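Note sheet for the following structure.
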Ligand code: TYD
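Numbering (our numbering), first residue to last: 148 to 341.
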């Protein structure tokens, strides 16, 4: 399965992705854990941005990074029979670059035409208030350029609009272990780790 985790910064999606990888590990289930922006050249450039770019430019770079990530990391793992756990994918482009003014539906459609669709997207839903508190507590280096409050409100609003059948919303306001259990139960119901 190609499993994606999405949500606003501070939603807890990276924690859930890591917990799922621990679960697969404990069950001897083959998988890789990866993330976007990727560790490739474009991904590294995006992570080190000191300020935002033009939305079109950001969108183009995230997609370029994604195409490279699919080719060099995701597809080879799928071919090798491993589950792929990916922290962020094209819904992040639609939500974050959409929050800068791009049409999120167009961003999604264009991305869909370029890279494979995930089997399931666990969208971790929390309030912006909760997310900002968590970011403040967990990141000593301070907020990244993507994490400003107004921005996150807009990003969160766009995540709320997504209706794809692959999206499974998880309440990120419950405890970390409750959310993890819900995710594992969903996967077991769909034949993974049963
Ligand atoms: P994030 O998952 O928060 O990385 P980390 O856990 O290392 O902080 O991703 C970094 C930022 O990149 C995040 O704020 C959202 C942004 N982003 C986009 O704007 N568009 C995209 O397509 C992707 C994948 C990420």
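Ideal Cβ positions, reconstructed from N, Cα and C, are used throughout, including at glycine.
As the structure is a computational prediction, the values presented were derived from the model and not from experiment.
Rounded separation between residue i and residue j - CA only
i           : j           : result
residue 244 : residue 251 : 7 Å
residue 309 : residue 270 : 10 Å
residue 280 : residue 172 : 31 Å
residue 129 : residue 170 : A question about residue 129 goes unanswered here, because the residues of the chain that appear run from 148 up to 341.
residue 236 : residue 153 : 7 Å
residue 200 : residue 193 : 10 Å
Local Cβ density within 10 Å of residue i, reported as buried at 16 or more and exposed below that
i           : result
residue 221 : buried
residue 205 : buried
residue 216 : buried
Beta-carbon proximity check, residue i vs residue j, cutoff 9 Å
i           : j           : result
residue 150 : residue 231 : yes
residue 278 : residue 158 : yes
residue 262 : residue 315 : no
residue 164 : residue 212 : no
residue 246 : residue 189 : no
residue 299 : residue 155 : yes
Span of the beta strand (DSSP E) around residue i
i           : result
residue 181 : 178-182
residue 315 : 314-318
Boundaries (first-last residue) of the alpha helix (DSSP H) holding residue i
i           : result
residue 305 : 296-308
*Give, in chain order, every unbroken run of the beta strand (DSSP E) that is at least 3 residues long and sits entirely within the region 232-282.*
Segments of the beta strand (DSSP E) lying fully in the region 232-282: 267-272.
_alpha helix (DSSP H) runs contained entirely in the region 199-230, provided each spans 4 or more residues_ = The region 199-230 contains these whole alpha helix (DSSP H) runs: 202-216 and 222-226.
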